[in-house]
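> Quick mapping for you: the protein sequence lines, in order, are chains A and B. With our numbering applied, the first sequence has no gaps in its numbers, which climb one by one up to 710 at the end. With our numbering applied, the second sequence has no gaps in its numbers, which climb one by one up to 710 at the end. Sharing a structure below in structure tokens format, with a few things to ask.
There are 2 protein chains.
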Amino acid sequence: MGLVVQKYGGSSVADAEGIKRVAKRIVDAKKNGHQVVVVVSAMGDTTDELIDLAEQVSPIPAGREFDMLLTAGERISMALLAMAIKNLGHEAQSFTGSQAGVITDSVHNKARIIDVTPGRIRTALDEGNIAIVAGFQGVSADSKDITTLGRGGSDTTAVALAAALDAEVCEIYTDVDGVFTADPRVVKKARKIDWISFEDMLELASSGSKVLLHRCVEYARRYNIPIHVRSSFSGLRGTWVSNEPHAEQGARKVEQAIISGVAHDTSEAKITVVGVPDKPGEAAAIFRTIADNEINIDMVVQNVSAASTGLTDISFTLPKTEGRKAIDALEKTKSAIGFESLRYDDQIAKISLVGAGMKTNPGVTASFFEALSDAGVNIELISTSEIRISVVTRADDVKEAVRAVHTAFGLDSDSDEAVVYGGTGR
Amino acid sequence: MGLVVQKYGGSSVADAEGIKRVAKRIVDAKKNGHQVVVVVSAMGDTTDELIDLAEQVSPIPAGREFDMLLTAGERISMALLAMAIKNLGHEAQSFTGSQAGVITDSVHNKARIIDVTPGRIRTALDEGNIAIVAGFQGVSADSKDITTLGRGGSDTTAVALAAALDAEVCEIYTDVDGVFTADPRVVKKARKIDWISFEDMLELASSGSKVLLHRCVEYARRYNIPIHVRSSFSGLRGTWVSNEPHAEQGARKVEQAIISGVAHDTSEAKITVVGVPDKPGEAAAIFRTIADNEINIDMVVQNVSAASTGLTDISFTLPKTEGRKAIDALEKTKSAIGFESLRYDDQIAKISLVGAGMKTNPGVTASFFEALSDAGVNIELISTSEIRISVVTRADDVKEAVRAVHTAFGLDSDSDEAVVYGGTGR
Numbered sequence: 285m286g287l288v289v290q291k292y293g294g295s296s297v298a299d300a301e302g303i304k305r306v307a308k309r310i311v312d313a314k315k316n317g318h319q320v321v322v323v324v325s326a327m328g329d330t331t332d333e334l335i336d337l338a339e340q341v342s343p344i345p346a347g348r349e350f351d352m353l354l355t356a357g358e359r360i361s362m363a364l365l366a367m368a369i370k371n372l373g374h375e376a377q378s379f380t381g382s383q384a385g386v387i388t389d390s391v392h393n394k395a396r397i398i399d400v401t402p403g404r405i406r407t408a409l410d411e412g413n414i415a416i417v418a419g420f421q422g423v424s425a426d427s428k429d430i431t432t433l434g435r436g437g438s439d440t441t442a443v444a445l446a447a448a449l450d451a452e453v454c455e456i457y458t459d460v461d462g463v464f465t466a467d468p469r470v471v472k473k474a475r476k477i478d479w480i481s482f483e484d485m486l487e488l489a490s491s492g493s494k495v496l497l498h499r500c501v502e503y504a505r506r507y508n509i510p511i512h513v514r515s516s517f518s519g520l521r522g523t524w525v526s527n528e529p530h531a532e533q534g535a536r537k538v539e540q541a542i543i544s545g546v547a548h549d550t551s552e553a554k555i556t557v558v559g560v561p562d563k564p565g566e567a568a569a570i571f572r573t574i575a576d577n578e579i580n581i582d583m584v585v586q587n588v589s590a591a592s593t594g595l596t597d598i599s600f601t602l603p604k605t606e607g608r609k610a611i612d613a614l615e616k617t618k619s620a621i622g623f624e625s626l627r628y629d630d631q632i633a634k635i636s637l638v639g640a641g642m643k644t645n646p647g648v649t650a651s652f653f654e655a656l657s658d659a660g661v662n663i664e665l666i667s668t669s670e671i672r673i674s675v676v677t678r679a680d681d682v683k684e685a686v687r688a689v690h691t692a693f694g695l696d697s698d699s700d701e702a703v704v705y706g707g708t709g710r
Numbered sequence: 285m286g287l288v289v290q291k292y293g294g295s296s297v298a299d300a301e302g303i304k305r306v307a308k309r310i311v312d313a314k315k316n317g318h319q320v321v322v323v324v325s326a327m328g329d330t331t332d333e334l335i336d337l338a339e340q341v342s343p344i345p346a347g348r349e350f351d352m353l354l355t356a357g358e359r360i361s362m363a364l365l366a367m368a369i370k371n372l373g374h375e376a377q378s379f380t381g382s383q384a385g386v387i388t389d390s391v392h393n394k395a396r397i398i399d400v401t402p403g404r405i406r407t408a409l410d411e412g413n414i415a416i417v418a419g420f421q422g423v424s425a426d427s428k429d430i431t432t433l434g435r436g437g438s439d440t441t442a443v444a445l446a447a448a449l450d451a452e453v454c455e456i457y458t459d460v461d462g463v464f465t466a467d468p469r470v471v472k473k474a475r476k477i478d479w480i481s482f483e484d485m486l487e488l489a490s491s492g493s494k495v496l497l498h499r500c501v502e503y504a505r506r507y508n509i510p511i512h513v514r515s516s517f518s519g520l521r522g523t524w525v526s527n528e529p530h531a532e533q534g535a536r537k538v539e540q541a542i543i544s545g546v547a548h549d550t551s552e553a554k555i556t557v558v559g560v561p562d563k564p565g566e567a568a569a570i571f572r573t574i575a576d577n578e579i580n581i582d583m584v585v586q587n588v589s590a591a592s593t594g595l596t597d598i599s600f601t602l603p604k605t606e607g608r609k610a611i612d613a614l615e616k617t618k619s620a621i622g623f624e625s626l627r628y629d630d631q632i633a634k635i636s637l638v639g640a641g642m643k644t645n646p647g648v649t650a651s652f653f654e655a656l657s658d659a660g661v662n663i664e665l666i667s668t669s670e671i672r673i674s675v676v677t678r679a680d681d682v683k684e685a686v687r688a689v690h691t692a693f694g695l696d697s698d699s700d701e702a703v704v705y706g707g708t709g710r
């Protein structure tokens, strides 16, 4: 039995009862002979409450102090978790990101991990202790200031520690039973995926699946750390994410499905730049403007130019939260670039089909479009990669579209039972 | 203008409004040309809430983890305070106890400061910043673990930093206007003391005055750091505590009163060991038992032995919170020591008169007892030092006793106005 890194999210440690339940699970792993390192997020709504306080004292909280503030959240949960474990008769020590050796760059609020030096964690483990580590936080190499890792930071902390400690597996405990073939709130017959490759998981994550964030999966792939996503409530086997499936990971290679799953995303908006002169450099000027404002865009489509006018339309999607900024930036360059007008549309949805199997199955794209057509869903934009097809539709059509595609590719569960979510009902 | 250390307690930073008010006061000091270091406690009830959470997960929280938990409180308040200051257009940086160089021993929950190495604070000040430091916490020299300083820890942090940084003054901001000649909630005519010596302040603190704790005053006396106790609400000049009064400290030496004030304390209980054989070593055995259980005692009185029996009674006072432990420990040694029985009484009060002037004024003790007698207050125990007389009375008599003594020694204010407390009404 080797070393296991377990990560528990805020909903798993939302109150004293949750902390005690998690403590018991950790002790069980220890009793099974594992060395156990636990990464924990802030309790329930703590982070939101701290952000609210910050906004009350300052409309634009400063980066360094904001990070100092937010890291109080994990400090509370990790200390309580260590106490709860000790109360079960096992030794536990909690460590801040800094104490655990999580070294980052100096970009406050969204720092990147540049090194992990877990000397104190090793010592704690060698002394037979369970090590509890604050997720989401680190210390900057340059200034020695406290930093936070931004969204999904605790998952990334867990994977980074698993890599640095050469762990057998990084277990991500959450409030769902694993990664599903579609969002079970939309598709009742969605199936839990037993095993999925890093590549497919990366595509699902960037297509709207929220169970694991892209950044965490990318880190795990780079260091080849198997991730096991599972429920902190049910204790069932969840979804393994790794390079190759092992027998214990619930799937054999021959069984690998052509399609891993269907993801959807309603957090994006579409901007159409109308009447762009169809000549070299125009599109570049538009996207340089967007890039200079540090706005990430997703899909890009340029319509065929109408020969009569010499003008074309360029559409792209981006997070709704960046919409205002993008429109403002483009308006300023209107005369320089020479387009006619801008259209903004935030009533869109993106539906993506993901699976490495589609590389060698030429009929997938056709089947995908047929399924949408049969369901009466109109396609507005299309974008493809080797292992993913994404389309943009009306937001109103999203549920119907996801269900139709899920059924068409044989992903529906045989069981009629609704998928069981974790115990909190969150 | 030199360096000022300001300390704000939890009631001064209880909410966003409080934090903004305190930020403004700090910025004012900076505008007046001072270098400013601020020590801040956890917001309002934060610490109590964290203790409550700890008790929910573990009946006896472990020292190391308990300290890790509690220090989250100051982390929140210091970061918010720094943000609020930056929002007023001034630069501020917050530092944990560890970052500020507060080095302690390894006794969790009540660590003692053994060194202060404020290199990062100096750098922040040299760069023109205001430095915000978490009170109540440090880092242990041996284990590098986070420690807390126990009760009154933030005041001690402030004085220790003031000493290490060679500050002009350590300003302790609180919710009252300063140190009073008696508790204004009991004596309406209590007067604010303009200046008091370290020695008298130490006696008041150990006699029940809660404005400053003994430990903090002791530290200030050792390093000769003047303390200015004042209200964070009113902005009025408060009470200076120092070796010698300066003109600006609102009192000249010739005006020094014989009596500084009257303190009372209802947090103690009395244990009487009845029927102790009056022979050498008996008292020692009793107090060795108490000391071995790490119980601090206060007053001790041995009655005159009754010649007929050869037995005597020994009474002592101790914190009510230690009462159970002391009784249990003594019961176990009953046969070995050979006393008859134990009496426990927690309905007592201690009233103390403090003033260096009483050393050279022989009538003080007599006047004190006469005042109590005239008020019909019975005296149960008496203990004296060079600059203090303390008596134990019934708890029910405490208010009357304090008022009678306050009046008898001419401490009553000329004004009929009630003393104004701070703005929160806490």
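Backbone N, C-alpha and C fix where the C-beta goes; we use that ideal spot for every residue, glycine too.
Indicate whether at least one CB of chain A lies closer than 8 Å to the CB of B/R536.
Because B/R536 carries a pLDDT of 46, less than 50, the predicted location of this residue cannot be relied on, and no value is offered for it.
> Can you tell me where the alpha helix (DSSP H) with A/D439 in it begins and where it stops?
Run containing A/D439: 437-448, per the alpha helix (DSSP H) assignment.
> Who are the neighbours of B/Q290 on chain A, taking C-beta pairs under 9 Å?
Within 9 Å Cβ-Cβ: nothing; B/Q290 doesn't reach chain A, min ~18 Å.
> Would you mind telling me which residues of chain B sit closer than 9 Å to A/Q421, beta carbon to beta carbon, in chain order?
Simply none; closest approach about 11 Å.
> So what does DSSP say about B/E452, is it helix, strand or coil?
B/E452: coil per DSSP, three-state reduction.
> If you draw a straight line from the alpha carbon of A/A659 to that of A/T431, how long is it in whole angstroms?
If you take the alpha carbons of A/A659 and A/T431, they lie about 48 Å apart.
> Which whole-angstrom value describes the C-beta separation of A/L409 and A/Q421, a residue pair presumed to lie in contact below a C-beta threshold of 8 Å?
So it is not a contact: roughly 20 Å between Cβ atoms.
> Just list the residues that DSSP pairs A/I477 with in beta bridges.
According to DSSP, A/I477 bridges with nothing at all.
> Considering only DSSP beta bridges, list what A/T596 is partnered with.
DSSP, once it has assigned bridges, lists A/V560 as partnering A/T596.
> Would A/P468 count as contacting chain B if we go by Cβ distances under 8 Å?
Closer than 8 Å: no.
> Under the three-state reduction of DSSP, which class applies to B/I542: helix, strand or coil?
In this structure, B/I542 counts as coil in the three-state DSSP scheme.
> Compare the beta carbon distance of A/L520 and A/E502 with 8 Å and say whether it is the shorter of the two.
Their beta carbons are not under 8 Å apart, which means A/L520 does not touch A/E502 by this criterion.
> Based on Cα-Cα distance, which residue from B/E411, B/V470, B/T550, B/W524 lies nearest to B/D630?
Taking only the C-alpha atoms, the option nearest B/D630 is B/T550.
> So what's B/A553 in DSSP terms, helix, strand or just coil?
Note: B/A553 maps to strand in three-state DSSP.
> Identify the residues that DSSP records as bridge partners of A/K634: which are they?
DSSP output for A/K634 lists A/D549, A/V676 as bridge partner(s).
> Compute the distance between the beta-carbons of A/L334 and A/A356, then report whether it is under 8 Å.
Against a cut-off of 8 Å, the Cβ pair of A/A356 and A/L334 comes out as a contact.
> Going by beta carbon distance, what residues of the same chain come within less than 8 Å of B/A567, once the five residues before and after it are set aside?
For B/A567, where only same-chain residues beyond five positions count, the Cβ hits under 8 Å are V560, Q586, I598.
> Let me confirm a value: A/K537 is counted as buried when at least 16 other C-beta atoms fall within 10 Å, else exposed. Which label applies?
A caution first: A/K537 carries a pLDDT of 47, below 50, which makes its placement in the model too unreliable to give a value.
> Given this structure, state the Cα-to-Cα distance separating B/K616 from B/F623, to the nearest angstrom.
So the alpha carbons of these two residues sit roughly 12 Å apart.
> For a contact defined as C-beta to C-beta under 8 Å, what are the partners of A/V355 on chain B?
The displayed chain sequence assigns Thr, not Val, to residue 355 of chain A. Result: R359.
> Measuring alpha carbon to alpha carbon, tell me which residue in A/I666, A/K472, A/H498, A/S493 is nearest A/A688.
With distances taken between Cα atoms, A/A688 lies closest to A/K472.
> Checking the sheet assignment: what are the DSSP bridge partners for B/D312?
Partner(s): none; B/D312 has no beta bridge.
> Any Cβ of chain B within less than 8 Å of the Cβ of A/K308?
It does not: the Cβ of A/K308 has no partner Cβ on chain B nearer than 8 Å.
> Alpha carbon to alpha carbon, what distance is there between B/K634 and A/T388?
Taking the straight line joining both Cα atoms gives about 56 Å.
> For a test of the three-state rule: what should DSSP assign to A/A376, helix, strand or coil?
Strand, per DSSP.
> Using CA coordinates, which residue listed in A/V513, A/G436, A/S491 is at the minimum distance from A/C235?
Residue 235 of chain A lies beyond the residue range present for chain A, which begins at 285 and ends at 710; the question has no answer from this structure.
> Which first and last residues belong to the beta strand (DSSP E) in which A/K291 is found?
Start and end: 287-292.
> What are the start and end residues of the alpha helix (DSSP H) that includes A/I611?
From DSSP, the alpha helix (DSSP H) with A/I611 extends over 607-616.
> Please tell me whether A/L353 and B/A298 are closer than 8 Å, where the distance is taken between their beta carbons.
Against a cut-off of 8 Å, the Cβ pair of B/A298 and A/L353 comes out as no contact.
> In angstroms with no decimal places, state the Cα-to-Cα distance between B/L595 and B/D562.
Cα to Cα, B/L595 sits roughly 5 Å from B/D562.
> Using DSSP's beta-bridge definition, name the partner residues of B/D389.
In DSSP, B/D389 forms no bridge with anything.
> When you compare each of B/T601, B/V546, B/R404 to B/R672 by their alpha carbons, which one comes out closest?
The candidate whose alpha carbon is nearest that of B/R672 is B/V546.
> Strictly under 8 Å for the Cβ-Cβ distance: is A/A489 near chain B by that measure?
Not one chain B Cβ lies under 8 Å of A/A489.
> What did DSSP end up calling B/A702 once you bin it into helix, strand or coil?
Low confidence applies here, because B/A702 scores a pLDDT of 42, under 50, leaving its location unreliable and the question unanswered by this model.
> So what does DSSP say about A/Q340, is it helix, strand or coil?
In this structure, A/Q340 counts as helix in the three-state DSSP scheme.
> Please compile the residues from chain B whose C-beta is within a distance smaller than 9 Å of the C-beta of A/P345.
By Cβ distance, chain B contributes A363, L364, M367, K370, N371.
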